[in-house]
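Mapping of the sequence shown onto mature numbering (1 follows the signal peptide of the UniProt record, and there is no 0): residues -16 to -1, 1 to 715, in sequence order. Backbone N, C-alpha and C fix where the C-beta goes; we use that ideal spot for every residue, glycine too. One structure below.
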Amino acid sequence: MWGLLLALATFAPAVGQGLGAPSNSVPGLAPPATTKAPNSTSALPSSPAQPPARKNNDTSQQHVRIRIIKKKRVIIKKRKKLTSPSLLVTARPPVNTSSAGTLDLPQKKEPGCPPLGLESLRVSDNQLEASSSQSLGLGPHRGRLNIQSGLEDGDLYDGAWCAEEQDAEPWLQVDARHPIRFSGIITQGRNSIWRYDWVTSYKVQFSNDSRTWWGSRNRSSGMDAVFPANSDPETPVLNVLPEPQVARFIRLLPQTWLQGGASCLRAEILACPVSDPSSLFPETLALASSDLDFRHHNYKAMRKLMKEVNEQCPNITRVYSIGKSYQGLKLYVMEMSDNPGEHELGEPEVRYVAGMHGNEALGRELLLLLMQFLCREFLRGDPRVTRLLTETRIHLLPSMNPDGYETAFRRGSELVGWAEGRWNQQGIDLNHNFADLNTPLWEAEDDGLIPDTVPNHHLPLPTYYTLPNATVAPETRAVIEWMERIPFVLSANLHGGELVVSYPFDMTRTPWAARELTPTPDDAVFRWLSTVYAGTNWAMQDPDRRPCHNQDFSLYGNIINGADWHTVPGSMNDFSYLHTNCFEITVELSCDKFPHETELPQEWENNKEALLTYLEQVRMGIAGVVRDKDTELGIADAVIAVDGLNHDVTTAWGGDYWRLLTPGDYMVTASAEGYHSVTRSCRVTFEEGPVPCNFHLTKTPKQRLRELLAAGAKVPPDLRRRLERLRGQKD
């Protein structure tokens, strides 16, 4: 006899992972399935995360489920009943689940397999295929985790793969090109500022020839597993397969999606290589830098590694802190030089800063790898590294925003999403938190006050910025004090999420303009510096690489003026240029903000030469010492002005200076308060510099008199008589 058990099931969104939910979703939990006529329409809820409240008198026609149980088998049938609208829509028949409604979980929730490479672009566009696509901009090549759309929907750079509305059985397929062990899937919805689209459940199938397919099955019931997907567009949701599957192809088959939306998703596939005894080649190529520490380091591990490098190379390293984060984590810097802790006359100071956005983790690891590499190669006697460390003082700040990084690190490289951990603990974007010095500079230029009344360099902090209640992050204040304390000449700010080098100005000159070409007076130098990094970065120079998201920067040599990309008021690059002598660019290192640690060896190889070559650019231009002609002592804060360039630099406390310039002939003037100015010609060649350009300044008579009187000396009689005659003439 059949035994009947009737149970009315209320409808709710599929089990997914909302913001703040645990990183591992329960695999195989099938959401309630509903149907919707293909030509029906419904308005989107005002907030996708909060479906509209149900009303008892709603008369729209929906379905409820009736469970008919025989020997622990559950068959879901449907009968019509009047009820409220559901949040889900599917074009497929109802799905089967076990009696418990869930899959048996594997012993280990965290998958051990790395990502296949959809996000990092290791998986090429021709490895992705789909049953259908709404448009070219919503094709399968856009179904990559964390891919970002452009501002306009319907262009070539939309924010997901989306199947056609009439596609009754949509699927997205990935070809791994050889058998591989699939272990898990991570999904997101569509990235768009105009639409809400995400898949709420899906099935998974596998194949070795793309013709014969088998599905991932529930371990207890043996039926096809249905995995819960997303409940918002951006939060990544991980599902671990009940059993890893060895195959060449994998398909994701959406079962349900947001009502009123479309079947759209972005994904990453987790998979491990499979040994092939017949292969003539090793599974992975060993890189030359295999003795370096290729893994992600949280705060404790980073501090330990920096200490180990210091202990290994105590004569060329020094670890110091420039301040603390909002949560009290120290901002550690590794200094590398033949005389650490000391500014040597004539030796330029260079810095790399990473981790301004805590979730952009690659720069942090590259700087940790760079300090290991420089230490190792110096001990080996490498001539290039030896020269670099004896002629330059290098400062490496791996983590400007350690609080944000710890947030991102806890989530993991594949589950952190696009924005979590970006801001500091106060919710401040540090790259918008520096003082806006562009506006007062441009206003003074418009009023004709530069350079006679208002200087074109070393602009002071605005009064509002120094108030106790000013919204200035402790991390920002620490970096500003660091900039003011050390006479930096050159810097690069390492970011992630794109493959491009941007240079100042970052802020548009036209108020409220979203983007506008806004060059500095030193545009030629900044373009040179940007081209040097982009031209020696392996990934940027790959002719076959595709755009990361929605702009193809390879068309412009992989460099761009920051303001012509998007305006960034209060950026560190602009502040560094206008408040100090330092020329700074931004390097976007990778399409993937937080690459898996298995990607780190290749990312190091992509950037190693660029990191070294960029440091060597501090030798371009002119350098010298401005001295007092009588005493031969250096003159601090002397101004170095170059004809035709409306931006000056100043000397350090010992009188030494560095002025980055492209090759050419320049008229250079050195001036200081109490001294006669001196102008001379300086030629910058293509030979490796810098070109020496020294100055000796003579004190003015007025300055000499001030110094005599300050020292308590008596005025000579002839000078006293001359002063009396001058006073009489004035009277």
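Separation of residue 337 from residue 640, as counted between CA atoms: 24 Å
C-alpha distance - residue 394 paired with residue 258, whole-angstrom precision: 29 Å
Stretch pair the stretch 476 to 485 + the stretch 646 to 657: three plus CB contacts closer than 8 Å: no
Validate contact between the stretch 466 to 475 and the stretch 520 to 531 using beta carbons, cut 8 Å, 3 pairs: no
C-alpha distance - residue 101 paired with residue 208, whole-angstrom precision: 26 Å
DSSP state of residue 310 mapped onto helix, strand, coil: coil
Span of the beta strand (DSSP E), counted from its first residue to its last, around residue 666: 662 to 668
Start-to-end residues for the beta strand (DSSP E) that takes in residue 256: 248 to 257
Secondary structure, beta strand (DSSP E): runs of 3+ residues fully inside the stretch 581 to 614: 606 to 612
N-terminal and C-terminal residue of the beta strand (DSSP E) that residue 477 is part of: 472 to 479
Cβ pair count under 8 Å reaching 3, the stretch 698 to 705 against the stretch 632 to 639: no
Residue 235 versus 244, 321, 200, residue with shortest Cα-Cα distance: 200
Residue 460, DSSP secondary structure in three states: helix
Residue range of the beta strand (DSSP E) that includes residue 421: Element bounds for residue 421: n/a, residue is neither H nor E.
Backbone CA spacing between residue 319 and residue 497 [nearest angstrom]: 39 Å
Pick from 205, 360, 333 that is closest to residue 275, judged by C-alpha positions: 360
Chain-order list of residues whose beta-carbon lies under 7 Å from that of residue 509 (same chain, five-residue window excluded): 567, 644, 645, 646
Residue range of the unbroken beta strand (DSSP E) whose run includes residue 355: Counting along the chain, residue 355 falls outside any beta strand (DSSP E), though it belongs to the alpha helix (DSSP H) covering 346 to 364.
beta-carbon residue 534 near the ligand ADP non-hydrogen atom, thresh 7 Å: In the structure on display, the ligand ADP does not appear, and there are no ligands present to speak of.
Entirely enclosed alpha helix (DSSP H) segments - the stretch 427 to 457, minimum 4 residues: 447 to 450
Assumed close pair residue 406, residue 342 - CB separation to whole angstroms, cut-off 8 Å: 6 Å
Residue 178 in three-state terms, based on DSSP: coil
Limits of the unbroken beta strand (DSSP E) element including residue 208: Neither: residue 208 is in no beta strand (DSSP E) and is coded neither H nor E.
Residue 452, buried or exposed, once every other Cβ within 10 Å from all chains shown has been counted against 16: exposed
Same chain, Cβ closer than 6 Å to residue 160, neighbours up to 5 away in sequence not counted: 232
Contact belief for residue 203 with residue 217 at Cβ below 8 Å, rounded distance in angstroms: Not a contact, Cβ separation roughly 31 Å.
Where residue 55 falls: helix, strand or coil (DSSP): The pLDDT assigned to residue 55 is 34, lower than 50, so where the model puts this residue is not dependable, and the model offers no usable value.
Coil, strand or helix - residue 568 by DSSP: strand
Secondary structure of residue 561, DSSP reduced to three states: helix
Inter-stretch contact (C-beta, 8 Å, three-pair minimum) for the stretch 542 to 556 and the stretch 485 to 497: yes
Euclidean distance between Cα positions of residue 127 and residue 532: 12 Å
Inter-stretch contact (C-beta, 8 Å, three-pair minimum) for the stretch 338 to 357 and the stretch 426 to 433: no
For residue 316: DSSP bridge partner residues: 305
Per-residue burial, residue 145 [other beta carbons within 10 Å of its own, 16 or more giving buried]: buried
Of the residues 681, 582, 165, the one placed nearest residue 617, counting alpha carbons only: 681
Within the stretch 627 to 683, ranges of the beta strand (DSSP E) (whole runs, at least 3 residues): 640 to 643, 648 to 655, 662 to 668, 679 to 681
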